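The block underneath contains the structure these notes are about, expressed in structure tokens.
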Amino acid sequence: MAAALMANTLREKAEITLIESKQIGIIGVGEGSTPKMRRLFDKLGIPESIWMPKCNATYKCGIRFPDWSTRKGFKSYYHPFFSSSDDSSVRAFYQNATIRSKSFDVHAHPDSFFVSNFLAKNMRAPLPEQSSNYETDYAYHFDAVGIGQVLKEYSTKLGVTHIEDTVQEVLQGEDGQITAVRSEKVGETKADFFVDCTGFSSQIICKKLNVPFISYKNMLFNDRAVAMPTPLPEDGQLPCQTISKAASSGWIWNIPLKNRFGNGYVYSSDFLDESQAEKELRKYLGTEGSETEARHLKMRVGRLSHCWEKNCLAVGLSQGFIEPLEATALMVVQDTVEIFLENFVRGDLSNTYKDQANEKVNLIFDGIKNYIVTHYKLNSRSDTDYWIANRENENISDELKAIINTWDKGGDLLGELKSQAATQVYSPTSWYCILAGMGRFPRSLKKPKKKFEVYNHKESVHYCEQMMDLFPDHHSAVHNLGNS
Ligand SMILES: Cc1cc2nc3c(=O)[nH]c(=O)nc-3n(C[C@H](O)[C@H](O)[C@H](O)COP(=O)(O)OP(=O)(O)OC[C@H]3O[C@@H](n4cnc5c(N)ncnc54)[C@H](O)[C@@H]3O)c2cc1C
Numbered sequence: 051m052a053a054a055l056m057a058n059t060l061r062e063k064a065e066i067t068l069i070e071s072k073q074i075g076i077i078g079v080g081e082g083s084t085p086k087m088r089r090l091f092d093k094l095g096i097p098e099s100i101w102m103p104k105c106n107a108t109y110k111c112g113i114r115f116p117d118w119s120t121r122k123g124f125k126s127y128y129h130p131f132f133s134s135s136d137d138s139s140v141r142a143f144y145q146n147a148t149i150r151s152k153s154f155d156v157h158a159h160p161d162s163f164f165v166s167n168f169l170a171k172n173m174r175a176p177l178p179e180q181s182s183n184y185e186t187d188y189a190y191h192f193d194a195v196g197i198g199q200v201l202k203e204y205s206t207k208l209g210v211t212h213i214e215d216t217v218q219e220v221l222q223g224e225d226g227q228i229t230a231v232r233s234e235k236v237g238e239t240k241a242d243f244f245v246d247c248t249g250f251s252s253q254i255i256c257k258k259l260n261v262p263f264i265s266y267k268n269m270l271f272n273d274r275a276v277a278m279p280t281p282l283p284e285d286g287q288l289p290c291q292t293i294s295k296a297a298s299s300g301w302i303w304n305i306p307l308k309n310r311f312g313n314g315y316v317y318s319s320d321f322l323d324e325s326q327a328e329k330e331l332r333k334y335l336g337t338e339g340s341e342t343e344a345r346h347l348k349m350r351v352g353r354l355s356h357c358w359e360k361n362c363l364a365v366g367l368s369q370g371f372i373e374p375l376e377a378t379a380l381m382v383v384q385d386t387v388e389i390f391l392e393n394f395v396r397g398d399l400s401n402t403y404k405d406q407a408n409e410k411v412n413l414i415f416d417g418i419k420n421y422i423v424t425h426y427k428l429n430s431r432s433d434t435d436y437w438i439a440n441r442e443n444e445n446i447s448d449e450l451k452a453i454i455n456t457w458d459k460g461g462d463l464l465g466e467l468k469s470q471a472a473t474q475v476y477s478p479t480s481w482y483c484i485l486a487g488m489g490r491f492p493r494s495l496k497k498p499k500k501k502f503e504v505y506n507h508k509e510s511v512h513y514c515e516q517m518m519d520l521f522p523d524h525h526s527a528v529h530n531l532g533n534s
């Protein structure tokens, strides 16, 4: 992604070489995205009909979160992708959620208010009939290896040199700038600027430039994952949502691709060991007796103090990682490269605007972290020490404390979010969805006063159901891609 975006923007201003090691390989997980990925392919001019079939990609309407909350009526909720076409239902949802947060008994479950949830439930592709003028945002599920291949083809066509080799040494000048990398077959490759995309090992940025890493471990306990594919059902149906189900010491993802499901268990090694995690995942998937291999992964969760140091930018896992609960990692890659390019070009390919770029990237990381931490902080499970420890963990940011306090008091959440706009990554709708969807409401509720404008959620459900006629079956839409 970094090479493709840089080649696309810099064109004749730079010669780009990408070195990757077959011996070391890639992490090879990461199958979900945010809507930002649509903007990537739009920018690169690669249509869905070309890239999606090559990556066994499907459409993603949103994420369902079962079992994070034990509160009655709120055992599962859906975090939708939405657009301005949903404005009226968004307002109705805010209205009801606000009234309920002030202890009045009105319906405020997000699932009733978003077309996107009904698309997911009915397995419809988020591609409305053009004549309807309705728009909905969406993202993708895909094979990460396929994406790499598509972007490699794109980049090499734009002149990027691709070398398969293992870098053994990073060379520095007297001023600390990186001057070259030395690799097994090619020897020295000199350059003016280096991009460290070496994954969790951060070969240049941490190991050579000694940029400190700020761990999020005291806020996000999960540091391991175990992944395993399963076949699609034989009934010809193709789901279009990620399921992120809470488990004993973490959560399990289920991602539908065109040719299989990707699954995995993200957990904390402080509470569960590898074999217990694999056993629990297999039990959930029904693969206890199967020979399907499980892949065990370690995760370094946190971020660099800054990703641009001297003449080096770190991108991807080398720059940091927040666990994949909202599938944000590739979005951060895209953001980082775009922010870098904007500032690099503005500074005439110099470091002049480095600090501004670093600050912007850090805000994105910390903003996402706050939203991810919220899932754990709001959980109401008491079945394991893991969930209790997460709920009782006071290592949360002041911004997040203010959001939760405002909500709990039935205060002005929109006002609070507006005052934090500079540090927010997630929209107010996402905040309302998580707070309401987890059932974070007063337990004893009064009858609503007559003067309140309570929205009848049955009208919204009816509207969403009627809208389904505008959307094609997801399985057919995905299988027809590239045929017309
Ligand atoms: C469990 C899990 C689930 C995830 N789920 C999602 C998700 O749903 N959505 C999402 O957006 N992201 C997700 N991610 C993150 C995603 O996998 C990564 O952001 C993405 O794959 C990019 O990784 P990377 O290129 O930074 O690192 P890697 O894939 O590790 O690639 C590192 C590259 O550097 C090369 N390299 C390293 N050292 C050398 C050397 N010495 N010489 C030459 N080459 C070298 C390697 O060969 C490789 O090509 C997930 C991550 C994990 C751990």
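Final position of the sequence shown in the working numbering is 534; the numbers increase by one with none missing.
From the three backbone atoms N, C-alpha and C, an ideal C-beta is built for every residue, glycine too.
Only a predicted model underlies this, so the values are computations on that prediction, with no experimental measurement involved.
Buried versus exposed call for residue i [16 or more other C-beta atoms within 10 Å across all chains shown]
i: residue 269; result: buried
i: residue 525; result: buried
i: residue 97; result: exposed
i: residue 376; result: buried
i: residue 471; result: exposed
i: residue 541; result: Given that the chain is displayed from residue 51 to residue 534, the structure contains no residue 541 and the question cannot be resolved.
i: residue 348; result: exposed
i: residue 499; result: exposed
i: residue 169; result: buried
i: residue 339; result: exposed
i: residue 283; result: exposed
i: residue 159; result: buried
i: residue 419; result: buried
i: residue 399; result: exposed
i: residue 226; result: exposed
i: residue 74; result: exposed
According to DSSP, residues forming a beta bridge with residue i
i: residue 129; result: 113
i: residue 460; result: The partner list for residue 460 (beta bridge, DSSP) is empty, contrary to what the question assumes.
i: residue 311; result: 280, 306
i: residue 371; result: 352
i: residue 358; result: 363
i: residue 496; result: 154
i: residue 266; result: Partner(s): none; residue 266 has no beta bridge.
i: residue 301; result: 296, 316
i: residue 321; result: Residue 321 is not bridged to any residue.
i: residue 212; result: 68
i: residue 240; result: 230
i: residue 217; result: 233
Residue nearest to residue i in terms of C-alpha spacing, selected from the options
i: residue 122; options: 513, 487, 504, 496; result: 487
i: residue 438; options: 447, 427, 400, 314; result: 427
i: residue 67; options: 77, 78, 54, 74; result: 54
i: residue 496; options: 153, 144, 94; result: 153
i: residue 484; options: 112, 103, 52; result: 112
i: residue 475; options: 500, 247, 378, 523; result: 378
i: residue 391; options: 329, 364, 337; result: 364
i: residue 148; options: 95, 459, 279; result: 459
i: residue 492; options: 465, 501, 129, 454; result: 454
i: residue 384; options: 398, 414, 396, 353; result: 414
i: residue 406; options: 421, 240, 386; result: 386
i: residue 119; options: 393, 52, 432, 211; result: 432
i: residue 354; options: 506, 219, 254; result: 254
i: residue 478; options: 463, 490, 489; result: 463
i: residue 512; options: 522, 502, 163, 265; result: 163
i: residue 533; options: 514, 457, 242, 100; result: 100
Beta-carbon proximity check, residue i vs residue j, cutoff 8 Å
i: residue 274; j: residue 317; result: yes
i: residue 221; j: residue 231; result: yes
i: residue 208; j: residue 57; result: yes
i: residue 124; j: residue 166; result: no
i: residue 267; j: residue 382; result: no
i: residue 84; j: residue 133; result: no
i: residue 389; j: residue 410; result: yes
i: residue 103; j: residue 380; result: no
i: residue 108; j: residue 191; result: yes
i: residue 424; j: residue 298; result: no
i: residue 306; j: residue 289; result: yes
i: residue 322; j: residue 278; result: no
i: residue 213; j: residue 362; result: no
i: residue 217; j: residue 77; result: no
i: residue 473; j: residue 442; result: no
i: residue 357; j: residue 309; result: no
i: residue 60; j: residue 250; result: no
i: residue 25; j: residue 522; result: In this structure the chain extends from 51 to 534, so residue 25 is not present and cannot be described.
i: residue 292; j: residue 110; result: yes
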